[in-house]
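In this note's numbering, the protein residues as written are 48 to 407. All C-beta atoms, glycine included, are put in the ideal place defined by N, C-alpha and C. Because the structure is a prediction, the values reported are computed rather than measured.
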């Protein structure tokens, strides 16, 4: 075989190697980086002139991969740069000291190091986006807790007052008659109720990863309305609930589902006029759960409709809203493979419709 033909054969091997590695990187799962880097290393090995005598090592901040132990002989090293900073290296090691690397093999190694660097940059960007999203959701949850703080006293004062009142009665007459027993039962019931209210608020405020499970949306709606009852009364706004079935099941994260409901109802209360009505509807189709929140507020302009789900966009006065609520809702709905729309009603006000798949 002539020199030209041999050189052509080597170039084809290198191009095939680059194509294979590009395909691996394009389809890479960032959760399975060791497997991805291992596949890259073994594909890269095939692109060298003597693949049986060449071993590849890839070292990154995520993990390190070797096809076999690196030889003490001739080595080629290419640095992996991540945002112009050293993020690792790709090493090719040749067993036979009498052989040597080709100039094109160094270029191949540099190209692969560049591609790995691009992959690591992509991973870092995605991780930063995920972190920012979690921070936004966290900030939004804290904002919601601030919104319902006024209602906490209302929710706790009544059962606590009952506990104290019945306790005073039991001091005089503990177990002498049936009424005392009934009073004791009421104390237990109210104590449990108070405990559950506090538990829900603490659970809601926790920073927890998304946990998808089968959920009935109906109790989530009822719990949200119970906790927001004081907010409705303070704003002098009424609400109407229309739920077509007591069981509306879907696959969702319970905390995030509650966050959707809270945000949309709080938003509807805010924009409702005194003596206005907020309507909460829930139903289902064969594949989807539908949630509609309708208010009788001023409605939405065309400009607002275009920007309403953008982060930090708000029509509320400074200090009344962060502009995160609806954008967080949009992000949560999207992560559940669902859709959310906002539209004006024929008469007055607006309707937000959330469409979530029962399973995906």
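Environment of residue i [buried if 16+ CB atoms lie within 10 Å]
i, result
"residue 184", "buried"
"residue 344", "buried"
"residue 19", "Given that the chain is displayed from residue 48 to residue 407, the structure contains no residue 19 and the question cannot be resolved."
"residue 254", "Per-residue confidence for residue 254 stands at a pLDDT of 48, beneath the threshold of 50, marking its modelled position as unreliable; no derived number is given."
"residue 178", "exposed"
"residue 366", "Because the pLDDT of residue 366 is 49, which lies under 50, any placement of that residue in the model is unreliable, and the number read from its coordinates should be weighed accordingly. Residue 366 is exposed by the Cβ-count criterion."
"residue 403", "buried"
"residue 147", "exposed"
"residue 348", "exposed"
"residue 187", "buried"
"residue 162", "buried"
"residue 221", "exposed"
"residue 297", "buried"
"residue 239", "exposed"
Residue span of the alpha helix (DSSP H) that contains residue i, given as start and end
i, result
"residue 82", "80–93"
"residue 300", "Per DSSP, residue 300 belongs to no alpha helix (DSSP H); it is in the beta strand (DSSP E), 296–300."
"residue 140", "Here residue 140 belongs to no alpha helix (DSSP H); instead the beta strand (DSSP E) covers 132–141."
"residue 351", "349–354"
"residue 77", "No alpha helix (DSSP H) holds residue 77; DSSP gives it neither H nor E."
Cβ neighbours of residue i in the same chain (closer than 6 Å, five flanking residues each side left out)
i, result
"residue 291", "330"
"residue 143", "100"
"residue 338", "329, 401"
"residue 323", "284, 343"
"residue 257", "300"
"residue 160", "125, 127, 137"
"residue 288", "327"
Chain-order list of residues whose beta-carbon lies under 7 Å from that of residue i (same chain, five-residue window excluded)
i, result
"residue 307", "376, 379, 380, 401"
"residue 335", "402, 403, 404, 405"
Candidates the options: closest to residue i by CA position
i, options, result
"residue 110", "90, 131, 136", "136"
"residue 315", "294, 355, 342", "342"
"residue 372", "392, 206, 305", "305"
"residue 320", "351, 405, 286, 75", "286"
"residue 90", "123, 55, 125, 156", "156"
"residue 340", "352, 334, 325, 353", "325"
"residue 265", "238, 275, 279, 293", "293"
"residue 356", "386, 334, 333, 405", "386"
"residue 107", "134, 113, 82, 93", "134"
"residue 351", "298, 237, 230, 390", "390"
"residue 167", "205, 95, 224, 80", "80"
"residue 169", "210, 158, 77", "77"
"residue 236", "262, 212, 206, 219", "206"
"residue 62", "202, 130, 165, 92", "92"
Residue range of the unbroken beta strand (DSSP E) whose run includes residue i
i, result
"residue 404", "397–404"
"residue 270", "Segment 264–274 is the alpha helix (DSSP H) holding residue 270; no beta strand (DSSP E) there."
"residue 125", "121–129"
Cβ-based neighbour list, residue i, same chain, cut-off 8 Å, excluding 5 preceding and 5 following
i, result
"residue 58", "151"
For the region 115–122 against the region 74–87, do three or more pairs of beta-carbon atoms, one drawn from each stretch, fall closer than 8 Å, so that the two count as touching? no
Does the contact criterion of 3 or more C-beta pairs under 8 Å hold for the region 64–83 versus the region 98–105? no
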